[in-house]
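Novice: Mind looking over this structure? Questions follow.
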Ligand code: RIB
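Numbering (the working numbering), first residue to last: 5 to 311.
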């Protein structure tokens, strides 16, 4: 039985390293080019796969019938993820992402969704019923209609729904009321409140989290990068500082956090322990290049937690 089910995107990432991110109209030399497995959904699935017992994670998604799709399925398999419900479509090619990573570790990403747009509500509800999972991880790189149907069906099945509202956008109440844990980063949190921007101070975090709770989710975890994570629910709030590391590439750090959070909660960790576990996993991922390539295995996280 798969405990953690991930519904979401699979992209092949075209990664270029640059000294600094370009301005509009600027041409810059890049220092390296790699094609690596990514996509927010598949990244979260691989994070769960690497951190937990084989068979814990199952992914539901859609790829093209092409070589990129095969590469992404292989990456899931290698991480121990059940990918039986990643369907192939002839209607589009596999999703891709163009990613620029600068020396500070910050990035710019453009996604062409391709086959991810063909993941239908029916694909998800049928597979969810068969998988008997306990926790569902969602993000927003597949159609909103599909994400909304997945959350509603998962709640009917008694699953815990964890939504990463990425990429940033506003969301309907119909979806948010079925979310147990909402995990935005700074720009995503502000977008949900109808504000553009990408910075939230620790002093402002309680107010932002309170406003997000009023939209429907039971708990909010603000992912504040080097400022750590901020958990809020009706009974109170708590700040979890981040572990200081030298960032090489922040791509998929949020995905790693969510995969680790679900892993911990599915194993019965308390919320505090699961957030501490996720903070360490994400801190390891940002010291390495790439999305799935950067995700830690369990022993690496435990070695740091038991120091
Ligand atoms: O969150 C990181 C991911 O965003 C990348 O792997 C890229 O594919 C985009 O989906």
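In this text, a Cβ means the ideal position worked out from N, Cα and C, and glycines have one as well. Here the structure is a predicted model, which is why all the values come from computation and not from measurement.
For residue 90, which residues does DSSP report across the bridge?
Specialist: 65
Novice: What residues come near the ligand RIB, if near means a beta carbon less than 7 Å from any of its heavy atoms?
Specialist: Residues with their Cβ less than 7 Å from any non-hydrogen atom of the ligand RIB, running along the chain, are 13, 15, 17, 42, 43, 44, 47, 101, 103, 113, 115, 145, 170, 255, 256, 258, 259 and 295.
Novice: Rounding to the nearest angstrom, what Cα-Cα distance links residue 266 and residue 139 in this structure?
Specialist: 7 Å
Novice: Under a three-way DSSP split, which group does residue 177 fall into?
Specialist: helix
Novice: Would you list the one or two residues that DSSP bridges to residue 169?
Specialist: DSSP, once it has assigned bridges, lists no residue as partnering residue 169.
Novice: Between the Cα of residue 148 and those of 14, 36 and 176, spot the shortest distance and give me the residue it belongs to.
Specialist: 176
Novice: Rounded to the nearest angstrom, how far is the Cβ of residue 217 from that of residue 238, given a contact under 8 Å?
Specialist: Taking the Cβ atoms as the reference, residue 217 lies roughly 7 Å from residue 238, within the contact range of under 8 Å.
Novice: Please list the terminal residues of the continuous beta strand (DSSP E) segment that includes residue 103.
Specialist: That run of the beta strand (DSSP E) goes 99 to 106.
Novice: Beta carbon of residue 6, beta carbon of residue 59: below 8 Å?
Specialist: yes
Novice: Where DSSP assigns a beta bridge to residue 21, which residues make up the other side?
Specialist: 36 and 105
Novice: Would DSSP call residue 77 helix, strand or coil?
Specialist: Assigned with DSSP and collapsed to three states, residue 77 falls in helix.
Novice: For residue 288, does the count of other Cβ atoms within 10 angstroms reach 16, so buried, or fall short, so exposed?
Specialist: With 16 or more Cβ atoms within 10 Å of its Cβ, residue 288 is classed as buried.
Novice: What is the rounded straight-line gap between the Cα of residue 171 and the Cα of residue 144?
Specialist: Their backbone Cα atoms lie some 6 Å apart in a straight line.
Novice: Quick check: what's the CA-CA separation for residue 61 versus residue 89?
Specialist: 12 Å
Novice: My assumption, with CB atoms under 8 Å, is that residue 15 sits in contact with residue 43. Please give the rounded CB distance.
Specialist: 4 Å
Novice: Can you name the start and end residues of the beta strand (DSSP E) that residue 227 belongs to?
Specialist: 223 to 227
Novice: Between which residues of its own chain and residue 129 is the CB-CB distance below 8 Å, once the five residues before and five after are set aside?
Specialist: 153, 154 and 157
Novice: Let's see if you can read the secondary structure: which residues bound the beta strand (DSSP E) around residue 237?
Specialist: Judged by DSSP secondary structure, residue 237 falls within the beta strand (DSSP E) whose first and last residues are 233 to 237.
Novice: Can you grab the Cα-Cα spacing for the pair residue 168 / residue 141, in whole Å?
Specialist: 8 Å
Novice: Compare the beta carbon distance of residue 244 and residue 213 with 8 Å and say whether it is the shorter of the two.
Specialist: no
Novice: My guess is that residue 17 and residue 101 are in contact by the Cβ rule of under 8 Å, so how many angstroms apart are they, rounded?
Specialist: 5 Å
Novice: By how many angstroms is the C-alpha of residue 230 removed from the C-alpha of residue 151?
Specialist: Straight-line Cα distance between these residues: approximately 29 Å.
Novice: Beta carbon of residue 45, beta carbon of residue 65: below 8 Å?
Specialist: yes
Novice: If contacts are defined as beta-carbon pairs under 8 Å, then residue 283 and residue 232 qualify, I think. What distance do you get, rounded to the angstrom?
Specialist: 7 Å
Novice: Where does residue 76 land, buried or exposed, given buried means 16+ other C-beta within 10 angstroms?
Specialist: buried
Novice: Rounded to whole angstroms, what is the Cα-Cα separation between residue 181 and residue 254?
Specialist: Approximately 30 Å, taken between the alpha carbons.
Novice: Using only the alpha-carbon positions, how far apart do residue 136 and residue 36 sit?
Specialist: The alpha-carbon atoms of residue 136 and residue 36 are separated by roughly 43 Å.
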